[in-house]
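Residue numbers (this note's numbering): 1275 to 1431.
Here is the structure we will look at.
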Ligand SMILES: CC(C)(COP(=O)(O)OP(=O)(O)OC[C@H]1O[C@@H](n2cnc3c(N)ncnc32)[C@H](O)[C@@H]1OP(=O)(O)O)[C@@H](O)C(=O)NCCC(=O)NCCS
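Pasting the structure below:
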């Protein structure tokens, strides 16, 4: 049986510099390669072309994060990173983060959101497909360790 829906309790806010320790710690817990450094996160926090979001719920201040990039003159936004704390997975936090990213992209008048995912990341692929993302192309040896990826896209209306 599924646990009760958690999405309703999830709050998504913009990350601040006080989140840097949590952002770096989650990055290290989550990804073995292609990690974002503290300096990169710090730059994204101050950038107009990036948005770093943080999810919290039920008095827990840091349950996950999403990073999205925007480009001037492009109506396609890029979901660059998505991660939730391992012990809170399957409770809707990832969904709430993706929905917040989509809302932010719509607000910036983007017509689509794209992302890349490793071909062996079955959990994330299922998650994105359930949220309406469609595979639009292969990415040969895309990752630092030589792994292949897929590019996905969702058209925003
Ligand atoms: C991919 C990832 C971000 C998903 O985050 P999450 O918080 O588990 O996401 P959700 O809970 O919203 O959804 C995941 C699953 O829980 C289920 N779920 C969603 N809301 C739920 C709820 N309220 N109650 C119970 N289950 C729920 C969904 O059905 C989904 O199941 P399925 O994908 O097996 O069909 C997370 O697994 C993660 O951080 N993975 C490691 C990093 C990673 O791979 N990032 C993506 C790189 S491209």
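Even glycine gets a Cβ: it sits at the ideal position worked out from N, Cα and C.
Who pairs with residue i in a beta bridge, going by DSSP?
i: residue 1370; result: Residue 1370 is not bridged to any residue.
i: residue 1343; result: 1324 and 1352
i: residue 1386; result: 1350 and 1429
i: residue 1360; result: DSSP lists no partner for residue 1360.
i: residue 1331; result: 1334
i: residue 1423; result: 1392 and 1413
i: residue 1284; result: Per DSSP, none; premise fails for residue 1284.
i: residue 1404; result: DSSP lists no partner for residue 1404.
Please state if the CB of residue j and the CB of residue i are separated by a distance shorter than 8 Å.
i: residue 1382; j: residue 1344; result: yes
i: residue 1301; j: residue 1310; result: yes
i: residue 1312; j: residue 1294; result: yes
i: residue 1417; j: residue 1380; result: no
How many whole angstroms separate the CB atoms of residue i and residue j, which I take to be in contact at a CB cut-off of 8 Å?
i: residue 1385; j: residue 1327; result: Residue 1385 to residue 1327, Cβ: 20 Å. No contact.
i: residue 1298; j: residue 1374; result: Contact doesn't hold; Cβ gap of about 21 Å is too wide.
i: residue 1359; j: residue 1387; result: With 8 Å as the limit, residue 1359 and residue 1387 do not qualify as a contact, their Cβ atoms being about 23 Å apart.
i: residue 1339; j: residue 1357; result: 6 Å
i: residue 1341; j: residue 1355; result: 4 Å
Rounding to the nearest angstrom, what Cα-Cα distance links residue i and residue j in this structure?
i: residue 1371; j: residue 1304; result: 16 Å
i: residue 1389; j: residue 1361; result: 24 Å
i: residue 1321; j: residue 1400; result: 31 Å
i: residue 1329; j: residue 1307; result: 23 Å
i: residue 1426; j: residue 1378; result: 18 Å
i: residue 1351; j: residue 1332; result: 30 Å
i: residue 1422; j: residue 1290; result: 33 Å
i: residue 1275; j: residue 1366; result: Below a pLDDT of 50, predicted positions are generally treated as unreliable, and residue 1275, at 47, falls in that range; no measurement from the model is reported.
i: residue 1415; j: residue 1428; result: 23 Å
i: residue 1406; j: residue 1376; result: 11 Å
i: residue 1412; j: residue 1424; result: 5 Å
i: residue 1284; j: residue 1319; result: 21 Å
i: residue 1396; j: residue 1402; result: 10 Å
i: residue 1363; j: residue 1347; result: 35 Å
i: residue 1404; j: residue 1398; result: 10 Å
i: residue 1314; j: residue 1335; result: 22 Å
i: residue 1410; j: residue 1353; result: 15 Å
i: residue 1420; j: residue 1292; result: 34 Å
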